[in-house]
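Student:
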Amino acid sequence: MVQVNGVNGHTNGNGKPAPSQAQQRNPYAPRYADFLSNISNFSIIESTLREGEQFANAFFDTKTKIAIAKALDAFGVEYIELTSPAASEQSRADCEAICKLGLRAKILTHIRCHMDDARIAVETGVDGVDVVIGTSSFLREFSHGKDMAYITKTAIEVINFVKSKGIEVRFSSEDSFRSDLVDLLSIYQTVDKIGVNRVGVADTVGCANPRQVYDLVRTLRGVVSCDIEIHLHNDTGMAIANAYTALEAGATHIDTCECCLTHSRSAVLGIGERVGITPLGGLVACLYAANPEYVKSKYNLAALREIENLVAEAVEVTVPFCNPITGYCAFTHKAGIHAKAILNNPSTYEILKPEDFGLTRYVSIGHRLTGWNAVKSRVEQLQLELTDDQIKDATAKIKELADVRTQTMEDVDTVLRVYHSAVKSGQLTVGAREVLDQLLAEHHAANANGKPQQAPTPTPVMA
Ligand SMILES: [Zn+2]
660 MVQVNGVNGH TNGNGKPAPS QAQQRNPYAP RYADFLSNIS NFSIIESTLR EGEQFANAFF
720 DTKTKIAIAK ALDAFGVEYI ELTSPAASEQ SRADCEAICK LGLRAKILTH IRCHMDDARI
780 AVETGVDGVD VVIGTSSFLR EFSHGKDMAY ITKTAIEVIN FVKSKGIEVR FSSEDSFRSD
840 LVDLLSIYQT VDKIGVNRVG VADTVGCANP RQVYDLVRTL RGVVSCDIEI HLHNDTGMAI
900 ANAYTALEAG ATHIDTCECC LTHSRSAVLG IGERVGITPL GGLVACLYAA NPEYVKSKYN
960 LAALREIENL VAEAVEVTVP FCNPITGYCA FTHKAGIHAK AILNNPSTYE ILKPEDFGLT
1020 RYVSIGHRLT GWNAVKSRVE QLQLELTDDQ IKDATAKIKE LADVRTQTME DVDTVLRVYH
1080 SAVKSGQLTV GAREVLDQLL AEHHAANANG KPQQAPTPTP VMA
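In terms of my numbering, the sequence shown is numbered consecutively and its last residue is 1122.
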């Protein structure tokens, strides 16, 4: 399918006229993509309840699993993948319980390519079964010890069995990027011919780069007609970029995991061993930037924060400050020139609109990098009447104080309120710095003596 963003003023695929000048300048317009690309036509397979269970800190009891499944469903992921019911008795019971919730998302379970596992899986009530087997020489030699002929024979048997139960089936190789390309394409072609719903490519060790991902998925797209799923580990921090490029090359389904935000943090703290797969939040940020309207139409973006809080709490870590979208710095602006531009037009420094995620931006003003435009915005919020020259004068005082220590919003408000009341009473004129210092000192002394403080307004500058 062809997506046209109008940047070059073309007609779109339906022969509609070129977009207007205003649309051409819209920074949130979809990006150009070629005919193979599925950037605006994909599904998410959310694997926090499978891959995430493999995180060192994770122990999800039934109640937690159900809460996470419901939160993911409220967000709108197309699929939720669960740990194999063959793993333990409780895993099987939990899988059955989640299938009975009647969620909108399809429920999948992830099993080894083995008839014993398949027989258990199809009895749980799942909508589909994800089958996996190692195909790299490393795994064939050191893990299961089977050759490609055995793998192919077993895959056919398992796929036919799952299909006979009328549910979806995916066949994935493991460690695909270190597998022989001819072996891979040949088994994918075989399973495609017998009607598998999806084939899966897995960067199990996180070794792939975007170009390798593009090449493999694009080659595979020319060989099979079924859907293509991709599972990308984040060992080198490449998982989101690799997911994006996989969609560009024709992949249709992306595996994600909210454990990744916790994995990432664990790595930062040095307590994690491996660093997870493509994070749901980061991928959503990336795909929203590519086509905001499409992503907004598919997902309840405001529900993302709750999922991340829920998972972070379940594995006893906090959401990293720099996490895309939900990190506390994600929509914070500080430098004076940024703040001025953001207050005029947020798209100057934001590719994601916080309001689309149920969040608000924060313009930090109590620091030495602040500017009078940001302070003016606060003056207006406080409904103080000051001229631009007076605001610039007050800003100079805030910067002077912030050179000593960062000023809280309450500190900033105090300067502005004292300045305002002194100007109104005729005690202060622009540039009378000593008078202002004196008034501020009197104000602080009065407060220290227990006089009632002027009620601070805790609201930060929201633009
Ligand atoms: Zn994995």
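We put the beta carbon where it would ideally sit given N, CA and C, even for glycine.
According to the Cβ coordinates, are S831 and V791 closer than 8 Å?
Tutor: Sequence index remark: in the sequence shown, residue 831 carries index 172 (1-based). Sequence index remark: in the sequence shown, residue 791 carries index 132 (1-based). Taking 8 Å as the Cβ cut-off, S831 and V791 qualify as a contacting pair.
Student: Below 7 Å, is the gap between the Cβ of T863 and the nearest heavy atom of ligand 1?
Tutor: By 1-based counting over the sequence shown, the position of residue 863 is 204. Yes, Cβ of T863 sits closer than 7 Å to a heavy atom of ligand 1.
Student: Hey, quick one: how far does the beta strand (DSSP E) through V791 stretch, first residue to last?
Tutor: By one-based count along the sequence shown, residue 791 stands at place 132. Where V791 is concerned, the enclosing beta strand (DSSP E) stretches over 787-793.
Student: Within the region 797-841, note down every full beta strand (DSSP E) run reaching 3 residues or more, in order along the chain.
Tutor: As far as the region 797-841 is concerned, its whole beta strand (DSSP E) runs of at least 3 residues are 827-833.
Student: Reducing DSSP to helix, strand and coil, say where Y1078 ends up.
Tutor: Against the sequence shown, residue 1078 aligns to sequence position 419. Correct three-state label for Y1078: helix.
Student: Between E975 and the rest of its own chain, which residues show a CB-CB distance below 8 Å, the 5 nearest in sequence each way excluded?
Tutor: On the sequence shown, residue 975 is found 316 positions in, with the first residue counted as 1. Here the set comprises N716.
Student: Hey, V1034 and A1061 are a contact pair by Cβ (cut 8 Å); roughly how many whole angstroms apart?
Tutor: On the sequence shown, position 375 is the one that residue 1034 refers to. On the sequence shown, position 402 is the one that residue 1061 refers to. 11 Å between Cβ atoms; not a contact.
Student: When you compare only the Cα positions, how much space is there between S923 and G1017?
Tutor: Taking the first residue of the sequence shown as position 1, residue 923 is located at position 264. Taking the first residue of the sequence shown as position 1, residue 1017 is located at position 358. A caution first: S923 carries a pLDDT of 44, below 50, which makes its placement in the model unreliable, though a value can still be read off. Each residue's Cα considered, the two are about 24 Å apart.
Student: Output needed for P1119: all residues of its chain with C-beta closer than 6 Å, excluding positions within five of it in sequence on either side, in chain order.
Tutor: Translated into the one-based positions of the sequence shown, residue 1119 becomes position 460. Reliability fails at P1119, whose pLDDT of 49 lies under 50, so the model's placement of it is uncertain and the value that follows must be treated cautiously. Within the same chain, P1119 has close Cβ partners Y1021, M1068.
Student: Please name the residue or residues paired with C916 in a DSSP beta bridge.
Tutor: The sequence position of residue 916 within the sequence shown is 257, counting from 1. In DSSP, C916 forms a bridge with P938.
Student: Find out if the Cβ-Cβ distance for the pair C916, S706 is shorter than 8 Å.
Tutor: Looking up residue 916 in the sequence shown gives position 257. Looking up residue 706 in the sequence shown gives position 47. Against a cut-off of 8 Å, the Cβ pair of S706 and C916 comes out as a contact.
Student: Can you tell me which of L762, E833, R1064, V1038 puts its alpha carbon nearest to the alpha carbon of V785?
Tutor: Within the sequence shown, the letter at position 126 stands for residue 785. Cα-wise, what sits closest to V785 is L762.
Student: Any chance the CB of E710 is under 7 Å from a heavy atom of ligand 1?
Tutor: Position 51 of the sequence shown, counted from the first residue, corresponds to residue 710. Yes, since a heavy atom of ligand 1 falls inside the 7 Å radius drawn around the Cβ of E710.
Student: From the DSSP output, read off the bridge partner residues of A861.
Tutor: Taking the first residue of the sequence shown as position 1, residue 861 is located at position 202. The partner list for A861 (beta bridge, DSSP) reads H890.
Student: To the nearest angstrom, how far is the alpha carbon of E1039 from that of D1047?
Tutor: The residue you call residue 1039 lines up with position 380 of the sequence shown. The residue you call residue 1047 lines up with position 388 of the sequence shown. For E1039 and D1047, the distance between alpha carbons rounds to 11 Å.
Student: For the region 971-990 against the region 743-757, do three or more pairs of beta-carbon atoms, one drawn from each stretch, fall closer than 8 Å, so that the two count as touching?
Tutor: no
Student: Within this structure, are the beta carbons of Q1049 and V1082 separated by less than 8 Å?
Tutor: One-based indexing of the sequence shown puts residue 1049 at position 390. One-based indexing of the sequence shown puts residue 1082 at position 423. Cβ atoms of Q1049 and V1082: closer than 8 Å.
Student: Should G896 go down as buried or exposed, given a rule of 16 or more other Cβ atoms within 10 Å for buried?
Tutor: The residue given as residue 896 occupies position 237 in the sequence shown. So G896 counts as exposed.
Student: DSSP three-state call for T721: helix, strand or coil?
Tutor: For the purposes of this step, residue 721 is taken as the residue at position 62 of the sequence shown. Here T721 sits in helix by DSSP.
Student: What residues match up with R771 in a beta bridge as DSSP calls it?
Tutor: Here residue 771 is taken as the residue at index 112 of the sequence shown, counted from 1. Bridge partners of R771: V791.
Student: Take R1027 and list the residues in its own chain whose beta-carbon comes closer than 7 Å to its own, dropping the five residues that flank it on each side.
Tutor: Mapped onto the sequence shown, residue 1027 falls at position 368. Sequence-distant partners of R1027 (beyond 5 residues in either direction) whose C-beta falls short of 7 Å from its own C-beta, in its chain, are K1058, A1061, D1062.
Student: When DSSP labels each residue in this structure, what does L741 get in the three-state scheme?
Tutor: Here residue 741 refers to the residue found at position 82 of the sequence shown. L741: strand per DSSP, three-state reduction.
Student: Just reading off the alpha helix (DSSP H) that E1039 is part of, what are its end residues?
Tutor: Counting from 1 along the sequence shown, the entry for residue 1039 is found at position 380. First-last of the alpha helix (DSSP H) with E1039: 1031-1040.
Student: Look up T991 in the DSSP assignment and say whether it is helix, strand or coil.
Tutor: The residue you call residue 991 lines up with position 332 of the sequence shown. Residue state, collapsed to three classes: strand.
Student: Do you know offhand how far I930's Cα is from E816's?
Tutor: As a position in the sequence shown, residue 930 is number 271, starting the count at 1. As a position in the sequence shown, residue 816 is number 157, starting the count at 1. With a pLDDT of only 30 at I930, under 50, the local geometry of the prediction cannot be trusted, and no value is derived from it.
Student: Can you check whether the CB of I1010 is closer than 8 Å to the CB of A948?
Tutor: Translated into positions along the sequence shown, residue 948 becomes position 289. Translated into positions along the sequence shown, residue 1010 becomes position 351. Cβ atoms of A948 and I1010: closer than 8 Å.
Student: Going by Cα to Cα distance, which pick from H992, L942, D894, A1107 is closest to V934?
Tutor: As a first step, residue 934 must be located in the sequence shown, where it is residue number 275. Minimum Cα distance to V934 is reached at D894.
Student: DSSP three-state call for A1091: helix, strand or coil?
Tutor: Here residue 1091 refers to the residue found at position 432 when the sequence shown is read from its first residue. The answer is coil: DSSP assigns A1091 none of H, G, I, E or B.
Student: Is DSSP giving V654 helix, strand or coil here?
Tutor: The displayed coordinates of the chain run from 660 to 1122. Any statement about residue 654 would go beyond what the structure contains.
Student: Would V855 be called buried (16 or more neighbouring beta carbons within 10 Å of its own) or exposed?
Tutor: Indexing the sequence shown from 1 puts residue 855 at position 196. When all chains shown are included, V855 counts as buried.
Student: Closer than 7 Å to a non-hydrogen atom of ligand 1 - does that hold for the CB of H1102?
Tutor: In the sequence shown, the residue the question calls residue 1102 occupies position 443. No, the beta carbon of H1102 sits no closer than 7 Å to any heavy atom of ligand 1.
Student: Under 8 Å Cβ to Cβ from Y1008, same chain only, skipping five residues before and after it: list those, please.
Tutor: Within the sequence shown, residue 1008 is the residue found at index 349, counting from 1. Answer for Y1008: H992, H997, A1000, I1001, listed in chain order.
Student: According to DSSP, simplified to helix, strand and coil, what is V855?
Tutor: Within the sequence shown, numbered from 1, the residue matching residue 855 stands at position 196. Three-state DSSP puts V855 in coil, outside helix and strand.
Student: Kindly list the residues whose CB is nearer than 6 Å to the CB of I846, restricted to its own chain and excluding five residues on each side of it in sequence; keep chain order.
Tutor: Within the sequence shown, the letter at position 187 stands for residue 846. Excluding its 5 nearest sequence neighbours in each direction, I846 has C-beta neighbours in its own chain below 6 Å: T811, listed in chain order.
Student: I need the DSSP call for A746, collapsed to helix, strand or coil.
Tutor: Your numbering for residue 746 matches position 87 in the sequence shown. Coil.
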